[in-house]
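**Q** In my numbering, the protein residues as written are 167 to 461. The structure that follows is given in the form of structure tokens.
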Amino acid sequence: MRKPTVAILYIALGRYICFWKDFYKSCEKNLLNCEKHYFVWTDNESFDYSKNKNVTVIPAVKKGWPYDTVLRFEMFLQREKELRKYDYIYFFNANMEFINNVDLAEIAPQYWHTSGIVAGIHPGHNGDVDADKIDAFPYERRKESTAYIPYGHGKHYVCGAFNGGTSDGFLEMCRVLAKNVQTDLDRGIEAIVDDESHLNAYVADREYLLAGRAYGFPEGKLKYLKPGAKAMVKIISRHKEHPKYGGARWLRGQTDRKAPNNFMSPILIGFCRAISIFVPDRKLRQKVRTYFGSY
167 MRKPTVAILY IALGRYICFW KDFYKSCEKN LLNCEKHYFV WTDNESFDYS KNKNVTVIPA
227 VKKGWPYDTV LRFEMFLQRE KELRKYDYIY FFNANMEFIN NVDLAEIAPQ YWHTSGIVAG
287 IHPGHNGDVD ADKIDAFPYE RRKESTAYIP YGHGKHYVCG AFNGGTSDGF LEMCRVLAKN
347 VQTDLDRGIE AIVDDESHLN AYVADREYLL AGRAYGFPEG KLKYLKPGAK AMVKIISRHK
407 EHPKYGGARW LRGQTDRKAP NNFMSPILIG FCRAISIFVP DRKLRQKVRT YFGSY
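In structure tokens, the structure reads:
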């Protein structure tokens with residue numbers, strides 16, 4: 167019996183290439199019952215496993231934050247002809263890593279998921295569908311944006327770090343979202359959580375497979391789990407704001423100064439997070455909040 171074929175999409179621009187080796191090794195070992203091929207968009211000329219037969223390297227230009235992430239759907243469509251050859255397509259953020267076995271069937275949409283899409287629950291928001299909790303989700307609420315979700319709508323808050331599905335379903339989503347993102351940019355609008363906002367708008371009124379926290383569990387919270395619970399976690403999201411990775415702003419190339427890793431770090435981090443509350447501009451607020459990293 168032929169194994170399903172899977173295209174794995176991975177963006178490793180600039181310093182994010184540091185996560186690639188562990189991701190590749192972990193995915194090769196733990197994503198089971200499928201034939202995998204990796205499509206890596208990067209501006210790095212040489213990196214681990216780039217010569218492997220199941221790795222296609224796609225030269226890409228680093229455009230800076232947030233365009234390196236918000237324009238991802240347009241990037242994927244550049245390879246639409248090749249991607250159509252696969253049964254399934256999945257995108258994983260650069261800092262994702264498999265730590266336990268995942269059978270493809272666990273993340274493969276079924277016929278009742280009419281969108282053909284799987285999306286991972288955001289680790290900061292549980293799967294409850296209580297109306298009050300839904301209205302508290304950080305959906306894009308400006309009607310001028312194509313990512314707009316009115317109050318009272320939506321089901322969950324999904325993360326932009328992991329999504330995929332059937333090749334038809336995923337590529338259809340990419341076509342819609344690439345158009346929506348460009349429409350917003352032409353209007354001078356940046357959705358509140360960039361590509362994540364557009365993804366949430368797309369799945370808000372569609373039937374899709376929801377992958378639980380086990381498929382994107384925060385690395386920093388693993389230590390609080392009992393051994394039995396830890397064994398249930400399949401994929402982790404490595405804490406890119408932690409000093410051991412340089413911090414999110416260093417990874418994005420927004421600064422050449424790595425987040426410090428010393429006894430003063432918690433104090434400085436807490437101070438920045440506290441004063442960021444009083445900064446009205448979203449971009450400046452995020453810059454202040456993560457100036458010394460956050461972990």
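Backbone N, C-alpha and C fix where the C-beta goes; we use that ideal spot for every residue, glycine too. None of the values given here were measured: they were computed from a predicted structure.
Please determine, among Lys-406, Phe-437, Leu-450, Ala-440, the residue with the shortest C-alpha to C-alpha distance to Tyr-182.
**A** Selected option, being the one with the closest Cα: Lys-406.
**Q** To the nearest whole angstrom, what separates the beta carbons of Pro-170 and Leu-249, a pair I think is in contact under 8 Å?
**A** The Cβ separation is near 14 Å, so there is no contact.
**Q** By Cβ distance below 8 Å, which residues in the same chain neighbour Lys-195 in space, the five residues on each side in sequence not counted?
**A** Closer than 8 Å at the Cβ level, and outside the excluded window around Lys-195, lie Phe-264.
**Q** Going by C-alpha distance, which of Thr-312, Ser-333, Pro-426 is nearest Val-342?
**A** Here the closest residue by C-alpha is Thr-312.
**Q** With a Cβ-Cβ cutoff of 8 Å, do Phe-239 and Ala-344 count as a contact?
**A** In contact: Phe-239 and Ala-344 (Cβ atoms closer than 8 Å).
**Q** Is the beta carbon of Ile-358 sitting closer than 8 Å to the one on Val-324?
**A** No, the pair does not count as a contact, with Cβ atoms beyond the cut-off.
**Q** Just how far apart, CA to CA, sit Arg-492 and Arg-307?
**A** This structure cannot speak to residue 492, because the chain is shown only from 167 to 461.
**Q** Taking 6 Å as the limit between beta carbons, can you name the residues of its chain near Thr-421, skipping five residues before and five after?
**A** Excluding positions up to five away in sequence, the list reads Arg-415.
**Q** Give the DSSP bridge partners of Leu-376, in chain order.
**A** Leu-376 pairs with Ala-285.
**Q** Please report the distance separating the alpha-carbon of Gly-282 from that of Arg-423.
**A** Using only the alpha carbons, I get a separation of about 42 Å.
**Q** Please classify Ala-479 as buried or exposed, where buried requires at least 16 neighbouring CB atoms within 10 angstroms.
**A** The chain is shown from 167 up to 461; residue 479 falls before or after that span and cannot be answered.
**Q** Distance, Cα to Cα, Leu-351 vs Tyr-233?
**A** The straight-line gap from Cα to Cα measures roughly 10 Å.
**Q** Keeping to the same chain, check which residues put their C-beta closer than 7 Å to that of Asp-334; ignore five residues upstream and five downstream.
**A** Closer than 7 Å at Cβ, skipping near neighbours: Gly-282.
**Q** Can you tell me where the alpha helix (DSSP H) with Phe-264 in it begins and where it stops?
**A** Where Phe-264 is concerned, there is no enclosing alpha helix (DSSP H), although the beta strand (DSSP E) it sits in stretches over 262 to 264.
**Q** If we ignore side chains and look at the alpha-carbon of each, how far apart do Tyr-461 and Asp-209 end up?
**A** For Tyr-461, the predicted structure reports a pLDDT of 40, less than 50, and the residue's modelled location is therefore unreliable. A value from the coordinates is still provided. Approximately 28 Å between the Cα atoms of the pair.
**Q** Could you tell me which whole alpha helix (DSSP H) segments of length 4 or greater appear in the stretch 185 to 246?
**A** Within the stretch 185 to 246, the complete alpha helix (DSSP H) runs of at least 4 residues are 186 to 196, 233 to 236, 238 to 243.
**Q** What is the C-beta distance between Ala-254 and Val-172, in whole angstroms, given that I count them as a contact (C-beta under 8 Å)?
**A** Before going on, a small fix: residue 254 reads as Tyr here, not Ala. The pair is a contact, with the Cβ atoms about 5 Å apart (cut-off 8 Å).
**Q** Report all residues from its chain with a CB closer than 6 Å to the CB of Arg-451; omit the five preceding and five following residues, and keep chain order.
**A** Within the same chain, Arg-451 has close Cβ partners Ser-442, Val-445.
**Q** Looking at the secondary structure, which residues open and close the beta strand (DSSP E) in which Ser-311 lies?
**A** Taken as a continuous stretch (DSSP letters only), Ser-311 belongs to no beta strand (DSSP E), as it is neither H nor E.
**Q** Run through DSSP, which three-state label would Phe-383 get?
**A** Here Phe-383 sits in strand by DSSP.
**Q** Comparing C-alpha positions only, which one of Ile-174, Asp-361, Trp-207 sits nearest to Leu-197?
**A** Minimum Cα distance to Leu-197 is reached at Ile-174.
**Q** Need the endpoints of the beta strand (DSSP E) that Phe-258 sits in, please.
**A** 254 to 258 is the span of the beta strand (DSSP E), which, as asked, contains Phe-258.
**Q** Closest by CA to Lys-219, which one among Phe-205, Glu-211, Ser-192?
**A** When only C-alpha atoms are compared, the closest one is Phe-205.
**Q** Assuming Val-342 is part of the alpha helix (DSSP H), what are its boundary residues?
**A** From DSSP, the alpha helix (DSSP H) with Val-342 extends over 333 to 352.
**Q** Going by alpha carbons, who is nearest to Gly-326 out of Tyr-305, His-319, Gly-318?
**A** Gly-326 has its Cα closest to that of Tyr-305, out of Tyr-305, His-319, Gly-318.
**Q** Within 10 angstroms of the Cβ of Lys-375, are there 16 or more other Cβ atoms? Answer buried if so, exposed if not.
**A** The amino acid occupying residue 375 in the given sequence is Leu; Lys does not appear at that position. Under this definition Leu-375 is a buried residue.
**Q** Between which residues of its own chain and Arg-455 is the CB-CB distance below 8 Å, once the five residues before and five after are set aside?
**A** The residues are Cys-438, Arg-439, Ser-442.
**Q** Buried or exposed: which applies to Trp-207, given that a residue is buried once 16 or more other Cβ atoms fall within 10 Å of its Cβ?
**A** That one is buried.
**Q** According to DSSP, simplified to helix, strand and coil, what is Leu-365?
**A** Helix.
**Q** Just to check my reading of the structure: Val-347 and Leu-237 have Cβ atoms closer than 8 Å, yes? What is that Cβ distance to the nearest angstrom?
**A** Their Cβ separation, rounded to whole angstroms, is 7 Å, which keeps Val-347 and Leu-237 in contact under 8 Å.
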